[in-house]
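For the sequence shown, my numbering assigns the number 93 to the initial residue and increments by one for each residue that follows.
Where a beta carbon is used, it is the ideal one built from N, C-alpha and C, also for glycine.
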Amino acid sequence: MPSPYRALFGRPGTRSFSAAGLLGRMPLSMMGIGIVTMVSQLTGRYGLAGALSATLALSAAVLGPQISRLVDRHGQRRVMRPATLISLAAVAGLLLSAQQRWPDWLLFVFAACVGCVPSVGSMVRARWAELYQGSPRELHTAYSWESIVDEMCFIVGPILSIGLSTAWFPEAGPLLAGGFLAAGVFWLTAQRATEPVPHPREHHTKGSALRSRGLQVLVVTFVATGAIFGAIDVVTVAFAEEEGHKAAASLVLAVYALGSCVAGAVFGLLHLKGHPSRRWVVGVCAMAVSMVPLQFVHALPLLAVALFVAGLSIAPTMVTTMALVEEHVPRAQLTEGMTWTSTGLAVGVALGSSAAGWVVDAAGAARGYLVPVAAGVLAALVAFAGYRRLRPQPTLPRAARTVADLPEPGAVAAERQGEQSVA
93 MPSPYRALFG
103 RPGTRSFSAA
113 GLLGRMPLSM
123 MGIGIVTMVS
133 QLTGRYGLAG
143 ALSATLALSA
153 AVLGPQISRL
163 VDRHGQRRVM
173 RPATLISLAA
183 VAGLLLSAQQ
193 RWPDWLLFVF
203 AACVGCVPSV
213 GSMVRARWAE
223 LYQGSPRELH
233 TAYSWESIVD
243 EMCFIVGPIL
253 SIGLSTAWFP
263 EAGPLLAGGF
273 LAAGVFWLTA
283 QRATEPVPHP
293 REHHTKGSAL
303 RSRGLQVLVV
313 TFVATGAIFG
323 AIDVVTVAFA
333 EEEGHKAAAS
343 LVLAVYALGS
353 CVAGAVFGLL
363 HLKGHPSRRW
373 VVGVCAMAVS
383 MVPLQFVHAL
393 PLLAVALFVA
403 GLSIAPTMVT
413 TMALVEEHVP
423 RAQLTEGMTW
433 TSTGLAVGVA
443 LGSSAAGWVV
453 DAAGAARGYL
463 VPVAAGVLAA
473 LVAFAGYRRL
483 RPQPTLPRAA
493 RTVADLPEPG
503 AVAAERQGEQ
513 SVA
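Pasting the structure below:
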């Protein structure tokens, strides 16, 4: 392991909570694609499969920030465990409904309840932020590492979910995802030493963290970015099926995640200068451009190569996003702020997977790759339009204060947010 990453895990408990976060995040890559595979296996209806996956994503988008807001106020253990139990019960109901061919509306009810799941990635990143508060270099490495963990989930998860559902029985993928969720959340919340202490009531500003104008730009852009991810998942499964190798879709999607994983590992070793807002806009534009080659591939090996290249822009953009969230959101609302970016992605995944499912049903898999292109263009346009909100805020002249008077970036954001709430 390169030295910056080795030094990162010098603090007690860091290896354990990161490992627990890996398990708890596996459903992020397994549940949606598992539902698509399960329903398409049982019914042959990609439109229904995509709509159910979209329902799950939308539900998580609505409930996730509310759960994270409660976590900021009451702590991870007290909130995450009950929420996870509700989600697991809904997973059981969804699998039973699909297996017994119960009415479609019941599938949608259970899919919506599955969305009552905590954002494990945000919880883990909040622990890193607590440990390395005021150490931007270490936080950059920590966020890069967590981006690598995210991509490890997306490398292994689809292989397990699609592979088990096609080779064993259709419900196997979502079932295993539920098992990972239970193990990860209960292991993470058992580690009390590294759990961030809830902030006192007086530190919580009225209203949501989404009142931050910078966070609004990040979230709206991530809606479009999530549409890219959701569409690629659904279309790639359909494309592989048309090619006669449906199970190979998991390998192709794993290559997509592998590209992001490689880029994230390298990005974490860099000591970059300049404000992260510029790097973020470049990353969003790179993701948009990388969707264009998908229109010209007609075989699975070429698709895998194109997706590997497309994946190279993902992790650096995600890491930069976390740095911007920490800058624009008060520390007392940090978990909620990070979850809002996940919410944006979830909404986008819902829209992208649903749109892609209907396009595939109507015009075939090859046409389905037009959906991520359109989503990428929209993400780039929003990023350019909102760039001003993300640029560094003007500060007092250097002579007006000493170095000792300079607050941390998170404190500046907290002070500004508090002034807005009072106003």
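### Task
Please confirm if the region 438–456 is in contact with the region 385–396, defined as three or more CB-CB distances below 8 Å between the two stretches.
no
### Where glycine 102 falls: helix, strand or coil (DSSP)
coil
#### Entry: Rounded distance between the beta-carbons of arginine 217 and methionine 410, thought under 8 Å
11 Å between Cβ atoms; not a contact.
### Message
Classify alanine 175: buried if its beta carbon has 16 or more other beta carbons within 10 angstroms, exposed otherwise.
### Response
buried
### Query
How is proline 464 classed by DSSP in three states: helix, strand or coil?
helix
#### Entry: Rounded separation between glutamate 335 and serine 257 - CA only
The alpha-carbon atoms of glutamate 335 and serine 257 are separated by roughly 18 Å.
### Query
Under the three-state reduction of DSSP, which class applies to leucine 488: helix, strand or coil?
Note that leucine 488 scores 34 on pLDDT, short of 50, meaning its location in the model is unreliable and no value can be drawn from it.
### Message
Whole angstroms are fine: how far does the CA of leucine 268 sit from the CA of alanine 275?
### Response
11 Å
### Rounded separation between leucine 231 and glycine 213 - CA only
15 Å
### Query
Under a Cβ-count criterion, where at least 16 other Cβ atoms within 10 Å of its own Cβ denotes burial, should arginine 107 be classed as buried or exposed?
exposed
### Query
Expressed to the nearest angstrom, what Euclidean distance is found between the alpha-carbon atoms of methionine 379 and glycine 356?
Spanning the two alpha carbons is a distance of roughly 14 Å.
### Task
Determine the closest residue to phenylalanine 272 out of Leu180, Val311, Tyr235, with distance taken between C-alpha atoms.
Leu180
### Coil, strand or helix - threonine 286 by DSSP
coil
### Message
Distance check for arginine 229 and leucine 437, CA to CA, integer angstroms please.
### Response
26 Å
#### Entry: Under the three-state DSSP convention, the category cysteine 377 falls into
helix
### Query
When DSSP labels each residue in this structure, what does proline 96 get in the three-state scheme?
helix
### Query
How is the alpha helix (DSSP H) around proline 266 delimited, first residue to last?
264–281
### Query
Does the count of Cβ pairs from the region 369–377 and the region 339–353 closer than 8 Å reach three?
Judged by Cβ distances under 8 Å, the region 369–377 makes no contact with the region 339–353, as fewer than three pairs qualify.
#### Entry: CB contact below 9 Å: alanine 357 versus chain D
Checking the listed chains, one finds no chain D in this structure; it contains a single protein chain.
### Query
Got a sec? Which residues, its chain only, sit under 8 Å from glutamate 500 by beta carbon, not counting five neighbours each side?
No answer about glutamate 500 holds up, because its pLDDT of 41 lies below 50 and its placement is not dependable.
### Query
So, helix, strand or coil for serine 108, using DSSP?
helix
### Counted within 10 angstroms of its Cβ, other Cβ atoms place phenylalanine 388 as buried (16 or more) or exposed
The residue is exposed, with fewer than 16 neighbouring Cβ atoms inside 10 Å.
### Query
Contact between the region 457–474 and the region 246–260: three or more CB pairs below 8 Å?
no
### Status (buried if at least 16 other CB within 10 Å, exposed otherwise) for glutamine 191
Label assigned to glutamine 191: exposed.
### Query
So, do the region 99–115 and the region 279–287 have three or more beta carbon pairs nearer to each other than 8 Å?
yes
### Query
For alanine 264, which residues of its own chain have a beta-carbon under 7 Å away from its beta-carbon, when the five flanking residues on both sides are left out?
Leu256, Ser257
### Message
Our contact map puts methionine 118 next to proline 266 with C-beta atoms below 8 Å; I'd like the distance itself, whole angstroms only.
### Response
That belief does not hold up - the Cβ atoms of methionine 118 and proline 266 are roughly 12 Å apart, past 8 Å.
### Message
For alanine 332 and alanine 340, which I take to be in contact (beta-carbon distance under 8 Å), what is that distance rounded to the nearest angstrom?
### Response
5 Å
### Message
Our contact map puts threonine 427 next to alanine 153 with C-beta atoms below 8 Å; I'd like the distance itself, whole angstroms only.
### Response
Not a contact, Cβ separation roughly 16 Å.
### Query
Taking the alpha helix (DSSP H) that valine 183 falls in, what are its first and last residues?
168–191
### Task
Could you check the C-alpha separation between serine 236 and threonine 412 for me, to the nearest Å?
9 Å
#### Entry: Selected residue, minimal CA-CA separation from leucine 187, among Leu364, Arg98, Phe202
Phe202
### Query
Exposed or buried, which one is arginine 98 when buried takes at least 16 other CB atoms within 10 Å?
With fewer than 16 other Cβ atoms from the protein chains shown falling within 10 Å of its own Cβ, arginine 98 counts as exposed.
### Query
Do glycine 322 and alanine 204 have their C-beta atoms closer together than 9 Å?
No, the Cβ-Cβ distance between glycine 322 and alanine 204 is not below 9 Å.
### Message
Please classify glycine 456 as buried or exposed, where buried requires at least 16 other C-beta atoms within 10 Å of its C-beta.
### Response
Classification of glycine 456: exposed, given that the 10 Å Cβ count is below 16.
### For threonine 286 and arginine 103, the rounded distance between their alpha carbons
10 Å
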